[in-house]
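Read the structure below first, then the notes.
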Amino acid sequence: MKKQLLIIIVTTFFKRIPWMGKIRNNQINRLFLQYNIRLDIQQVKIRGFRHYEIRNIFMEKTPVAFEIQRLELFLSVWTLIKERSIRNALNITLDKLQLTYHRFGKDAGKPNVLSPDVRKITAEWEGIYYRKYEKIINAFFSFIPERVVIRELKVQLPQRDLYVLSSVECIVNKKDRSVTAAIDRIETQTGNCLSPFSVSHVSICFKQEEIAQGGKVINWMVRSTDLRIQHQAIGAAPLLISNFDAELNINFTPTSLVVTKESGGNINQIPFAFQFHHDLVEKDILKFIFHVELDFNLFKSSFPAFHVKAIETVTTEGNLLIRSRLMFSIKDPMQHFFELKVLKNDLVIDDPGELDLSYLEAPFVHRVIRNNAFLREIWVGDLNSNFVKIEDFPAQMIPIIIFCEDPNFYQHHGLDVFFVGRAIVSNLVERKFKRGASTITMQLVRNLFLNHEKNLYRKIEEIILSLLIENYFRIPKARLLEIYLNIIEFGPDVYGIKEAAMFYFKKSLPALTMTEYIIMMYIIPRPIHFHEALVSQSPQLFTNLKNHVQWLSQHLRTRQTLTDEEFEKVMSDIETISQTRSIILRDPDIHQLPDLLRVDLSINNSINTRNDLHWAYPLHEEKMPKVNLKKIASADVRKEYIHHIVEWLDVENSRRYAIQGKTTYCNIYAYDVVSCLGAYIPRVWWNEESVRKIKKGIRVPVVYAKTVFEMNCNALAEWFLSYGSCFGWKQVFDLAEMQSLANEGSIGIIVAQRNELSEPGHITVVLPETAAVKAQTCEKEIICPVQSQAGMKNLRFFNGDAWWQDAARFGKYSFWVWDL
Numbered sequence: 035m036k037k038q039l040l041i042i043i044v045t046t047f048f049k050r051i052p053w054m055g056k057i058r059n060n061q062i063n064r065l066f067l068q069y070n071i072r073l074d075i076q077q078v079k080i081r082g083f084r085h086y087e088i089r090n091i092f093m094e095k096t097p098v099a100f101e102i103q104r105l106e107l108f109l110s111v112w113t114l115i116k117e118r119s120i121r122n123a124l125n126i127t128l129d130k131l132q133l134t135y136h137r138f139g140k141d142a143g144k145p146n147v148l149s150p151d152v153r154k155i156t157a158e159w160e161g162i163y164y165r166k167y168e169k170i171i172n173a174f175f176s177f178i179p180e181r182v183v184i185r186e187l188k189v190q191l192p193q194r195d196l197y198v199l200s201s202v203e204c205i206v207n208k209k210d211r212s213v214t215a216a217i218d219r220i221e222t223q224t225g226n227c228l229s230p231f232s233v234s235h236v237s238i239c240f241k242q243e244e245i246a247q248g249g250k251v252i253n254w255m256v257r258s259t260d261l262r263i264q265h266q267a268i269g270a271a272p273l274l275i276s277n278f279d280a281e282l283n284i285n286f287t288p289t290s291l292v293v294t295k296e297s298g299g300n301i302n303q304i305p306f307a308f309q310f311h312h313d314l315v316e317k318d319i320l321k322f323i324f325h326v327e328l329d330f331n332l333f334k335s336s337f338p339a340f341h342v343k344a345i346e347t348v349t350t351e352g353n354l355l356i357r358s359r360l361m362f363s364i365k366d367p368m369q370h371f372f373e374l375k376v377l378k379n380d381l382v383i384d385d386p387g388e389l390d391l392s393y394l395e396a397p398f399v400h401r402v403i404r405n406n407a408f409l410r411e412i413w414v415g416d417l418n419s420n421f422v423k424i425e426d427f428p429a430q431m432i433p434i435i436i437f438c439e440d441p442n443f444y445q446h447h448g449l450d451v452f453f454v455g456r457a458i459v460s461n462l463v464e465r466k467f468k469r470g471a472s473t474i475t476m477q478l479v480r481n482l483f484l485n486h487e488k489n490l491y492r493k494i495e496e497i498i499l500s501l502l503i504e505n506y507f508r509i510p511k512a513r514l515l516e517i518y519l520n521i522i523e524f525g526p527d528v529y530g531i532k533e534a535a536m537f538y539f540k541k542s543l544p545a546l547t548m549t550e551y552i553i554m555m556y557i558i559p560r561p562i563h564f565h566e567a568l569v570s571q572s573p574q575l576f577t578n579l580k581n582h583v584q585w586l587s588q589h590l591r592t593r594q595t596l597t598d599e600e601f602e603k604v605m606s607d608i609e610t611i612s613q614t615r616s617i618i619l620r621d622p623d624i625h626q627l628p629d630l631l632r633v634d635l636s637i638n639n640s641i642n643t644r645n646d647l648h649w650a651y652p653l654h655e656e657k658m659p660k661v662n663l664k665k666i667a668s669a670d671v672r673k674e675y676i677h678h679i680v681e682w683l684d685v686e687n688s689r690r691y692a693i694q695g696k697t698t699y700c701n702i703y704a705y706d707v708v709s710c711l712g713a714y715i716p717r718v719w720w721n722e723e724s725v726r727k728i729k730k731g732i733r734v735p736v737v738y739a740k741t742v743f744e745m746n747c748n749a750l751a752e753w754f755l756s757y758g759s760c761f762g763w764k765q766v767f768d769l770a771e772m773q774s775l776a777n778e779g780s781i782g783i784i785v786a787q788r789n790e791l792s793e794p795g796h797i798t799v800v801l802p803e804t805a806a807v808k809a810q811t812c813e814k815e816i817i818c819p820v821q822s823q824a825g826m827k828n829l830r831f832f833n834g835d836a837w838w839q840d841a842a843r844f845g846k847y848s849f850w851v852w853d854l
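Residue numbering for the sequence shown follows this note's numbering, starting at 35 and increasing by one per position.
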């Protein structure tokens with residue numbers, strides 16, 4: 035092949051002579067047929083006895099191709115005479131060398147990994163990787179001249195950016211088997227976009243020595259300045275490294291690859307060291323050891339931009355020396371060992387600066403921001419009717435959440451080392467940033483302060499804030515879990531488990547079943563995707579959900595969190611969900627046959643008027659206006675009926691609703707209004723034993739104070755959450771939505787439960803606006819809808835203050851609209 039190349043170069047110089055051109059073309063064709071090499075040289079010039087120039091060279095042997103715009107050869111006559119070797123006598127300078135690597139065939143895009151069969155690893159290593167390395171190194175030192183200058187080198191890899199190297203100078207010492215290279219600049223080109231990678235003034239030193247049994251000692255040294263890397267896996271801002279030094283010492287034999295403990299360097303003056311060991315005698319185990327001595331102030335100056343700006347104001351003294359060790363099997367990488375150990379810790383926070391996270395212990399307002407847009411505020415405390423204290427969560431729910439989201443929550447201090455190791459191995463296997471090893475504290479930090487992008491910057495900031503919350507500010511674990519469960523996203527404008535229970539299952543939190551707990555665990559990591567798939571009735575969603583529920587239930591039964599009976603019920607429920615493609619598991623006796631539960635006391639055909647005091651009984655007057663709003667198509671007509679009935683009941687003057695001492699009758703009035711309009715809320719309701727019998731199909735007589743009891747407002751608040759949806763009531767979370775639906779000819783209910791259940795709660799009816807009475811607004815937002823009430827003041831229409839937000843009186847409240 036060397037002879038053919040020389041003939042092609044010479045005949046190219048004389049290619050205008052026809053017979054010379056013919057010889058040139060024949061040699062090019064023969065080169066392709068014999069070696070599958072495509073070659074084309076456009077021009078050869080002789081600048082002098084010692085200076086030769088070859089232009090526009092193209093050469094391709096699949097999968098590699100290269101183009102050279104100009105190649106200059108400088109001949110050292112003295113070296114040629116002395117060593118009698120033309121290779122050592124030549125210095126080469128290249129202009130615009132472009133290398134392109136293509137991958138073809140069915141293996142394109144597949145990672146080149148060792149066989150998982152341990153018995154084949156030695157053969158692959160010794161027969162492929164070690165020999166291939168030897169072949170490349172020997173070829174390099176055999177053919178590359180002692181000095182090569184490339185003014186511009188372009189390297190194109192498959193599915194990668196184009197790498198451009200400027201002013202490359204390479205000095206080769208063939209006796210010492212060493213190479214020194216200097217590169218003025220390296221950058222990538224991606225059209226008109228800013229280069230995602232660039233580095234200035236790179237120097238590389240390589241040296242290889244032979245040792246016993248065919249082994250080699252390899253030393254690499256790399257120094258660079260102004261390194262800039264921009265990639266979505268790192269973050270929105272580029273990573274800037276002003277100074278980078280690294281030394282790599284490798285012992286390479288046919289049976290092992292060892293990076294020795296002398297390897298290390300520094301990044302922006304932060305020192306690090308690392309080791310690697312893979313010995314085929316020890317089967318298929320890979321071992322990594324990494325040390326870093328962290329000065330937090332130096333680290334802050336290297337970090338491009340913190341999302342939480344206050345971190346920049348934290349000042350510290352001292353360093354932290356950390357060692358991490360990772361060992362895993364090539365055959366089964368998830369069989370691994372990971373250790374993260376602090377060898378020295380004299381790091382002290384002098385001043386937290388503007389970063390004060392102690393406020394998390396008290397009630398606070400959480401602002402939900404997505405894509406830099408404000409969505410809503412959540413009051414994390416008792417003033418929020420949807421807030422649930424940690425002690426009020428169902429007893430079985432907490433262990434399931436801990437098991438799914440952070441099994442070691444009560445043992446770690448913000449960072450779970452075991453799952454960090456698992457995430458590292460998983461990401462190495464997948465070759466992408468897939469797992470993040472987030473603890474509940476880290477997830478809370480992400481929801482409170484950061485965004486949901488998966489990148490290195492966010493993960494580092496997440497870890498810093500989590501460690502500070504648990505170790506410096508010492509927020510109790512119970513409070514962290516409480517905040518987390520009340521603010522996590524479950525869907526579009528659905529935050530916290532209580533809202534999610536009503537949004538997805540139409541139930542209060544205590545009414546959830548074990549199956550619904552487990553479905554909640556499936557929603558937490560993927561709320562938006564889950565909701566979109568649920569709305570579109572994706573078959574894949576129900577397949578994945580079934581697999582998840584079966585897998586998790588089995589684990590919970592093994593841990594004795596689930597009894598055998600509960601496990602069988604969950605298995606039955608998930609089969610029903612898969613068949614019906616609905617996650618709402620309603621008891622057919624309650625939700626399909628509400629008439630069985632609907633109960634009113636009978637007054638034995640007596641007249642019960644607005645001036646009588648039979649409060650437990652429904653109104654029964656001649657010419658009493660009654661209508662079913664659902665049967666009226668016109669919104670205007672419905673609104674006329676609503677206002678007419680309110681006027682007829684005449685709450686301000688009727689004796690039925692008048693204050694008796696300290697007793698008020700808001701529940702009586704709300705019952706009368708909705709009854710006259712065809713809706714239902716109970717004046718009396720069954721006791722628990724009666725409900726159980728009715729669900730079993732047993733007929734239960736209505737006996738006052740034995741099978742049924744009167745419903746005060748505190749009891750009504752619970753009834754709405756448990757049974758409201760069965761009787762056509764829809765919970766809403768926005769006053770504007772409630773007033774809008776009322777204006778379309780429906781009615782709403784605001785019901786609040788007292789902090790002290792011995793004290794009376796309150797309930798009002800929300801009505802359509804009139805020309806005279808409009809909802810109260812502030813900055814175009816409704817803060818108080820149009821209402822009608824009995825109480826300390828009996829009012830036909832009012833739009834006063836937001837009484838339900840009086841935290842000193844009311845512990846929780848909810849908004850409901852009759853769903854027409």
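Quick reminder that beta carbons are idealized off the backbone N, C-alpha and C, glycines included.
By the C-beta density criterion, Gly248 is exposed, having fewer than 16 other C-beta atoms within 10 angstroms.
Boundaries of the alpha helix (DSSP H) around Cys747: 747-757. In the three-state reduction of the DSSP assignment, Gln76 falls in the strand class. Annotation for Tyr86: no alpha helix (DSSP H) segment contains it, though the beta strand (DSSP E) segment containing it runs 85-95.
Taking Val807 as reference, the option from Gly834, Pro794, Ile797, Gly795 with the minimal CA-CA separation is Gly834. Across the set Glu516, Phe453, Thr46, Leu291, the C-alpha of Glu516 shows the shortest separation from the C-alpha of Asp416. Close CB contacts of Val820 within its chain, under the 8 Å cut and outside five residues either way in sequence, are with Gln773, Ala776, Val800, Leu801, Pro802, Glu803, Thr804, Val807, Lys808, Ala809, Phe831, Phe832, Asn833 (chain order). According to the DSSP secondary-structure assignment, Gly525 is paired through a beta bridge with Val528. No residue range can be given for Ala805, since it is assigned to no alpha helix (DSSP H) and is classified by DSSP as neither H nor E. In this structure, the CA atom of Lys49 is about 38 Å from the CA atom of Asp218. For Glu244, the secondary structure class from DSSP, reduced to helix, strand or coil, is strand.
Comparing alpha carbon positions, the residue from Lys188, Glu106, Pro230 closest to Pro179 is Glu106. With contacts defined as CB atoms closer than 8 Å, Gly845 and Cys700 fail to qualify as a contacting pair.
Going by DSSP, Lys250 is part of the beta strand (DSSP E) stretching over 250-263.
Relative to the Cα of Phe306, the nearest Cα in the group Ser392, Arg632, Lys95, Leu282 belongs to Leu282. Restricting attention to alpha helix (DSSP H) runs no shorter than 4 residues, the segment 271-339 encloses them at 330-336, ordered along the chain.
Pro652 has its alpha-carbon roughly 12 Å from the corresponding atom of Glu744. For Val707, the secondary structure class from DSSP, reduced to helix, strand or coil, is helix. One alpha carbon belongs to Arg257, the other to Gln61, and they sit about 44 Å apart.
The straight-line gap separating the alpha-carbon atoms of Ser460 and Phe453 is approximately 10 Å. Taking Trp112 as reference, the option from Lys729, Ile102, Leu124 with the minimal CA-CA separation is Leu124. Proximity to Asp684 across Lys375, Gln571, Thr610, Tyr703 peaks at Tyr703, based on C-alpha coordinates. Three or more Cβ pairs closer than 8 Å define a contact, and the segment 716-727 falls short of that threshold against the segment 665-681. The C-alpha of Glu496 is placed about 47 Å away from the C-alpha of Glu101.
By the neighbour-count criterion, in which a residue is buried when 16 or more other Cβ atoms sit within 10 angstroms of its Cβ, Glu351 is exposed.
Its Cα nearest to that of Phe231, the residue Ile275 stands out among Glu203, Ser237, Leu131, Ile275. Rounded to the nearest angstrom, the Cβ distance from Ala650 to Leu631 is 18 Å, too far for a contact under 8 Å. The shortest CA-to-CA distance from Lys664 to any of Trp763, Lys740, Arg591 is the one to Trp763. Scanning the segment 537-571 from its first residue to its last, the whole alpha helix (DSSP H) runs of 4-plus residues come out as 548-557, 561-569. For the options Lys130, Trp53, Asn63, Arg72, the alpha carbon positioned closest to that of Ile88 is the one of Lys130. For Leu65, the enclosing alpha helix (DSSP H) starts and ends at 52-69. Spanning the alpha carbons of Ile617 and Leu519 requires a straight line of approximately 21 Å.
By the neighbour-count definition (other C-beta atoms within 10 Å, threshold 16), His265 is an exposed residue. If you compare the alpha carbons of Tyr691, Trp719, Val737 with that of Glu752, the shortest gap goes to Trp719. With a contact defined as Cβ atoms closer than 8 Å, Val399 and Glu411 qualify at about 5 Å.
Partner residues in a beta bridge of Tyr393, as assigned by DSSP, do not exist.
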